[in-house]
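Peer 1: I have a structure here, written as structure tokens, and I will follow up with some questions on it.
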Amino acid sequence: MINNLFVGTALAQGKAAAEPSMLELLAMPAMILVIMYLFMIRPQQKKQKEHQELLQNLKSGDEVVTTGGIIGRIKAVSDAFVTIDAGANNQLKIQKHHVVSLSPKAAAKK
1112 MINNLFVGTA LAQGKAAAEP SMLELLAMPA MILVIMYLFM IRPQQKKQKE
1162 HQELLQNLKS GDEVVTTGGI IGRIKAVSDA FVTIDAGANN QLKIQKHHVV
1212 SLSPKAAAKK
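Numbering (this note's numbering), first residue to last: 1112 to 1221.
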């Protein structure tokens, strides 16, 4: 009697579903990679390019903000370092890549 229940269920199931093709299997990971590129990698590359342009265009007299939050006016610029006057005769020599942006006041004047 119990066997009859299982046999009826087995016969009612019919054919097994076909396996997905290779294209269907690769479509979802490909879409994830495209979305990741569009929303994460591409904006980061754009931001890095803008930062490189900022660093290349630094000149004496620009007011800048560093990664440490120090705001100062550039006194000298070399290939790798920037000398910043932070006020009250405080001059800081920092690596160029630590300059994050122009000061908001200086950016508003331009």
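Beta carbons are placed, not taken as given, at the ideal position from N, Cα and C, and that holds for glycine. None of these values were measured; they are calculated from a predicted model.
Does the region 1177-1190 come within contact of the region 1136-1143, defined as at least 3 CB pairs closer than 8 Å?
Peer 2: no
Peer 1: Give a yes or no on whether 7 Å exceeds the smallest Cβ distance from I1195 to chain C.
Peer 2: Among the chains in the structure shown there is no chain C, since it carries only a single protein chain.
Peer 1: Output the distance between the C-alpha atoms of S1212 and Q1202, rounded to the nearest integer angstrom.
Peer 2: 18 Å
Peer 1: Please name the residue or residues paired with I1185 in a DSSP beta bridge.
Peer 2: Per the DSSP secondary-structure output, I1185 pairs in a beta bridge with I1195.
Peer 1: Residues bridged to Q1206 by DSSP?
Peer 2: F1192
Peer 1: To the nearest angstrom, how far is it from the Cα of P1215 to the Cα of Q1156?
Peer 2: Between P1215 and Q1156, the C-alpha separation is close to 23 Å.
Peer 1: Determine the burial state of N1195: buried for a count of at least 16 other Cβ atoms within 10 Å of its Cβ, exposed for fewer.
Peer 2: The residue asked about is misnamed: residue 1195 is Ile in this sequence, not Asn. With 16 or more other Cβ atoms within 10 Å, it is buried.
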